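In my numbering, the protein residues as written are 241 to 479.
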């Protein structure tokens, strides 16, 4: 039985971060809105996860699912998907879109720490994408994800590196120059170095399989997976 998990700071949520996404929740499925980058990178993330975890027939948890972009696409690949989030408005959008699309996803308003205590080692695959840089205690989220996955199961994290290049590209470039994201979407101090995430992962009982970078070409406006983890990156782990 996995050990009880809790955040060092109580409920592991930043209300100001929740409000940012609540204010934009109605635009979640608008592919020309502030969520356009999520729609554009979703096929890359989905194919990467599916190629390494074979989603069809698997029980999958999407942590910080928001409006359900990744959750729905994993369900379409044949996975039994549960999506969790603490943003009520985003979850309502996800639930409404689920009815429109006909995709089966179980959405729940619950923290990952509480779910880890409720249902440890219940999932074959856990995804936690673009969330760690928005919570007060990301290491607690990592521990909870590790508790939720079955032995031998895969956990995928994606976040943003912390260095001058990441600040230039993810904050200055994306928010102020290219206007790809609303200003204030990211706080540089909350970015996470791969070495930091690796240490949290190993401390939680997960083994690092490898990293993959996610790059963007502002001239072609095309995203690609690559080996450059200096800005956005995905970490694949196994329990």
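C-beta atoms are modelled at their ideal positions from N, C-alpha and C, and glycine is treated no differently. For clarity, every value in this text was computed on a predicted model and none was experimentally measured.
Could you give the C-beta distance for residue i and residue j, rounded to a whole number, given that I count them as a contact under 8 Å?
i: residue 320; j: residue 311; result: About 11 Å; that fails the 8 Å criterion.
i: residue 365; j: residue 393; result: 6 Å
i: residue 329; j: residue 265; result: 4 Å
i: residue 304; j: residue 368; result: 6 Å
i: residue 358; j: residue 400; result: About 30 Å; that fails the 8 Å criterion.
i: residue 267; j: residue 279; result: Rounded, the Cβ-Cβ distance is 11 Å, inconsistent with contact.
Can you tell me whether residue i is buried or exposed, with buried defined as 16 or more other CB within 10 angstroms of its CB?
i: residue 472; result: buried
i: residue 340; result: exposed
i: residue 449; result: exposed
i: residue 427; result: exposed
i: residue 313; result: buried
i: residue 298; result: buried
i: residue 417; result: Note that residue 417 scores a pLDDT of 47, beneath 50, so its modelled location is shaky; the value from the coordinates is reported in the next line. Classification of residue 417: exposed, given that the 10 Å Cβ count is below 16.
i: residue 295; result: buried
i: residue 315; result: buried
i: residue 377; result: buried
i: residue 446; result: buried
Check whether the Cβ atoms of residue i and residue j lie closer than 8 Å to each other.
i: residue 476; j: residue 363; result: no
i: residue 342; j: residue 323; result: no
i: residue 388; j: residue 360; result: yes
i: residue 451; j: residue 478; result: no
i: residue 281; j: residue 454; result: yes
i: residue 253; j: residue 345; result: no
i: residue 398; j: residue 285; result: yes
i: residue 349; j: residue 331; result: yes
i: residue 356; j: residue 347; result: no
The segment 456 to 463 touching the segment 427 to 441, judged by at least three CB pairs closer than 8 Å
no
Examine the Cβ distances between the segment 439 to 448 and the segment 375 to 392 and report whether three or more of them are shorter than 8 Å.
yes
Residue ranges of each beta strand (DSSP E) run of no fewer than 3 residues wholly in the segment 265 to 338, ordered along the chain?
299 to 303, 320 to 325
Alpha helix (DSSP H) runs wholly inside the segment 430 to 468, at least 4 long, in chain order
434 to 443
Please list the segments of the beta strand (DSSP E) lying wholly inside the segment 342 to 385, counting only runs of 3 or more residues, in order along the chain.
345 to 349, 363 to 369
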